[in-house]
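In what follows, a structure is listed as structure tokens, so that the remarks can point back to it.
In our numbering, the protein residues as written are 520 to 1032.
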């Protein structure tokens, strides 16, 4: 497969599913000596070495303070290629440049969602959390191999992905800030197609913070890149919000005015009006600027409430889906009730720090995640590419997520989530005539030993899953019908499972040696 791909445009780092006969039909055992992960917030600073036995990255990046191996643990001092002295100091420098109220990057709740491309071990995202900002940290399995696995082991939101040939799996206008520090991306390639993809996912007035030699170096090649990049973003109507030392921050326009004032024939062109900027699953990137709709152009901004009221305020884009504020509010209320019920069912098995990385496998409007607001967790909200594209509502609530089809494997490493919530996901997969066995194996791959799975589905699905409990080393925690937490007639069953910690005899022997 690799031989057929265009390496120059990172196509080999994008998603590629093996043909059916090459799929693994087996459980993935934990590495020898695997330990239950260290709990958040301590995990931000340290993880067990045996859980991710890939320490060459520590050696390679030792001078940049990415991570340090000491005894049984790997420590994260908060450094990065561009910020050896720590992400917190680097973030403070960016805050200073943007001059927001109280020098806080969250700008009184107006800056909430961030995309960090080429994120390394995600220390930038880790240190933003204290400012009530959530970053989607994105990196491929490239020469730095398991950087995303380290990020998730630390309890930091992260996703395996790359700016290659396909659109990122996020709707248009999802992030207030995109960030790249020494991310080794050639932004000028293919007529600026990658910058145009960032432009698509940035909100009106959104920022791109770029820290790289081109922004400050004086040698000829860097100066050439800087000149060409400045000309390109100028034609895209971005303006410099601030430039200092080794960082430049550009800002995207709030309206279409500047696009309309460009000379005829200016490149990159505006996208055609019939192109859907929110269609992302397997869709190729385009060399064009995504203009605002008439409504957004008039609004001169995204009209979102500041965080945290953003979480429960009906966002304007509900109207695009034909949904009323009342439907949104009812949904929020319903899932509040359901989540309380789930936590009661897990009862004695769960304490305040048991769960950190959560995935809602069918997030709809994001109300399951919204109901977890007071718990110290983050949620990857997954929306399928078929059906209503509600992921934009998820992002408009100040949450993060991705598009995914559960007939395929998810872009992450094994053992990266503490809790999976599967509301009618099995029924959907069955309706699409995909394999429920493949889905159950994929869920086992995603969930950490001692982690939980909540399946909410019809009785026949629960019966199907029960047949596999012993083989999967899964343990039933609770079963309930949904009449207790539902406005419907309670025809869904709630089935709560815990995955046991198991090791193969081979891995036990290795650990003993």
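We put the beta carbon where it would ideally sit given N, CA and C, even for glycine. All figures in this text were calculated on a predicted structure; none of them were measured in a lab.
Within a Cβ cutoff of 8 Å, which residues of the same chain sit near residue 712, ignoring the five residues on either side of it in sequence? Walking along the chain shown from the start, residue 712 turns up at place 193. Taken in chain order, the residues that qualify are 804, 805 and 806.
Hey, out of 884, 656 and 820, whose CA is closest to residue 775's CA? In the chain shown, counting from the first residue as 1, residue 775 sits at position 256. It is 820 whose Cα lies nearest to the Cα of residue 775.
Report the rounded CA-to-CA distance for residue 735 versus residue 764, giving the unit in angstroms. Here residue 735 corresponds to residue number 216 of the chain shown, with the count starting at 1. Here residue 764 corresponds to residue number 245 of the chain shown, with the count starting at 1. Each residue's alpha carbon lies about 7 Å from the other.
Nonlocal neighbours in the same chain, by C-beta distance under 7 Å from residue 662, ignoring five residues either side: In the chain shown, counting from the first residue as 1, residue 662 sits at position 143. Because residue 662 sits at a pLDDT of 48, beneath the cut-off of 50, its placement in the model cannot be relied upon, and the following sentence gives the value as read from the coordinates. Counting only Cβ-Cβ distances below 7 Å, and skipping sequence neighbours, we find nothing.
Starting from residue 997, follow the beta strand (DSSP E) in both directions and report where the run begins and ends. Position 478 of the chain shown, counted from the start, is the residue given in the question as residue 997. Counting along the chain, the beta strand (DSSP E) containing residue 997 begins and ends at 993-1000.
Which two residues bound the contiguous alpha helix (DSSP H) that contains residue 777? Against the chain shown, residue 777 aligns to sequence position 258. Run containing residue 777: 776-780, per the alpha helix (DSSP H) assignment.
Can you tell me which of the three DSSP states residue 725 falls into? The residue given as residue 725 occupies position 206 in the chain shown. Residue state, collapsed to three classes: strand.
Let me know the alpha helix (DSSP H) ranges lying completely inside the region 613-684, each 4 residues or longer, listed in chain order. 642-647 and 666-673
For the alpha helix (DSSP H) that residue 1010 lies in, which residues bound it at each end? The sequence position of residue 1010 within the chain shown is 491, counting from 1. Note, residue 1010: premise wrong, no alpha helix (DSSP H); not H, not E.
C-beta atoms of residue 640 and residue 657 nearer than 9 Å: Position 121 of the chain shown holds residue 640. Position 138 of the chain shown holds residue 657. Contact flag unset, no.
From what residue to what residue does the beta strand (DSSP E) around residue 937 run? Within the chain shown, residue 937 is the residue found at index 418, counting from 1. Residue 937 -> beta strand (DSSP E) spans 936-942.
Segments of 4+ residues assigned as alpha helix (DSSP H) that fall wholly inside the region 846-901: 886-889
Hey, quick one: how far does the alpha helix (DSSP H) through residue 740 stretch, first residue to last? If you number the chain shown from 1, residue 740 lands on position 221. Residue 740 -> alpha helix (DSSP H) spans 739-754.
Would you kindly work out how many angstroms separate the C-alpha atoms of residue 839 and residue 672, rounded to a whole number? If you number the chain shown from 1, residue 839 lands on position 320. If you number the chain shown from 1, residue 672 lands on position 153. Cα to Cα, residue 839 sits roughly 37 Å from residue 672.
Are there three or more Cβ pairs, one per stretch, closer than 8 Å when the region 623-631 is compared with the region 904-911? no
Minimum length 4: unbroken alpha helix (DSSP H) runs contained in the region 762-847: 776-780 and 813-818
In the DSSP output, which residue or residues are listed as bridge partners for residue 1017? If you number the chain shown from 1, residue 1017 lands on position 498. Residue 1017 pairs with 971 and 994.
When you compare the CB positions of residue 924 and residue 884, do they come within less than 9 Å of one another, or not? Sequence index remark: in the chain shown, residue 924 carries index 405 (1-based). Sequence index remark: in the chain shown, residue 884 carries index 365 (1-based). No. Outside cutoff.
Tell me the DSSP secondary structure of residue 920 in three-state form. Along the chain shown, one-based indexing puts residue 920 at 401. Correct three-state label for residue 920: strand.
Could you tell me the alpha carbon to alpha carbon distance between residue 557 and residue 720, rounded to whole angstroms? What you label residue 557 is simply residue 38 of the chain shown in a count that begins at 1. What you label residue 720 is simply residue 201 of the chain shown in a count that begins at 1. Roughly 34 Å between the two C-alpha positions.
Rounded to whole angstroms, how far is the Cβ of residue 921 from the Cβ of residue 678, which I believe are closer than 8 Å? Counted from its first residue, the chain shown places residue 921 at position 402. Counted from its first residue, the chain shown places residue 678 at position 159. The Cβ separation is near 6 Å, so the contact holds.
Exposed or buried, what is residue 742 when buried is set at 16 or more other beta-carbons lying within 10 Å of its beta-carbon? Against the chain shown, residue 742 aligns to sequence position 223. By the C-beta density criterion, residue 742 is exposed, having fewer than 16 other C-beta atoms within 10 angstroms.
Per DSSP, which one or two residues make a beta bridge with residue 946? On the chain shown, residue 946 is found 427 positions in, with the first residue counted as 1. Residue 946 is not bridged to any residue.
Tell me which residue opens and which closes the alpha helix (DSSP H) that residue 983 is part of. Counting from 1 along the chain shown, the entry for residue 983 is found at position 464. Unbroken alpha helix (DSSP H) run through residue 983: 978-985.
Which residues does DSSP list as the beta-bridge partners of residue 699? Within the chain shown, numbered from 1, the residue matching residue 699 stands at position 180. Paired residue(s): 729.
In terms of DSSP beta bridges, what is residue 759 paired with? In the chain shown, the residue the question calls residue 759 occupies position 240. Answer is 769, bridged to residue 759.
Can you list, in chain order, the residues of its chain with a C-beta nearer than 6 Å to that of residue 957? Leave out the 5 residues immediately preceding and following it. Taking the first residue of the chain shown as position 1, residue 957 is located at position 438. Excluding positions up to five away in sequence, the list is empty.
N- and C-terminal bounds of the alpha helix (DSSP H) containing residue 912: Residue mapping note: residue 912 aligns to position 393 of the chain shown, counting from 1. From DSSP, the alpha helix (DSSP H) with residue 912 extends over 910-915.
Rounded straight-line distance, which links the Cα of residue 878 to that of residue 1019: Within the chain shown, the letter at position 500 stands for residue 1019. Within the chain shown, the letter at position 359 stands for residue 878. Each residue's alpha carbon lies about 19 Å from the other.
At which residues does the alpha helix (DSSP H) containing residue 593 begin and terminate? The count along the chain shown starts at 1 and reaches residue 593 at position 74. Where residue 593 is concerned, there is no enclosing alpha helix (DSSP H), although the beta strand (DSSP E) it sits in stretches over 592-594.
Determine the contact status of residue 943 and residue 1011, defining contact as a CB-CB distance below 9 Å. As a working note, residue 943 is residue 424 in the chain shown. As a working note, residue 1011 is residue 492 in the chain shown. A contact, by the Cβ cut-off of 9 Å.
Could you tell me whether any non-hydrogen atom of the ligand FAD is closer than 8 Å to the CB of residue 943? Absence of the ligand FAD from the depicted structure is noted, as is the absence of any ligand whatsoever, leaving it without description.
Do residue 618 and residue 761 have their C-beta atoms closer together than 9 Å? Mapped onto the chain shown, residue 618 falls at position 99. Mapped onto the chain shown, residue 761 falls at position 242. The answer is yes: Cβ separation under 9 Å.
Taking C-beta to C-beta, are residue 939 and residue 902 nearer than 9 Å? Taking the first residue of the chain shown as position 1, residue 939 is located at position 420. Taking the first residue of the chain shown as position 1, residue 902 is located at position 383. Not closer than 9 Å, so no.
Taking all protein chains shown into account, decide if residue 729 is buried (16 or more other Cβ within 10 angstroms of its Cβ) or exposed. The residue given as residue 729 occupies position 210 in the chain shown. It counts as buried.
Length of the line joining the Cα atoms of residue 823 and residue 917: Working through the chain shown from its first residue, we reach residue 823 at position 304. Working through the chain shown from its first residue, we reach residue 917 at position 398. Put simply, the backbone Cα of residue 823 is about 9 Å away from that of residue 917.
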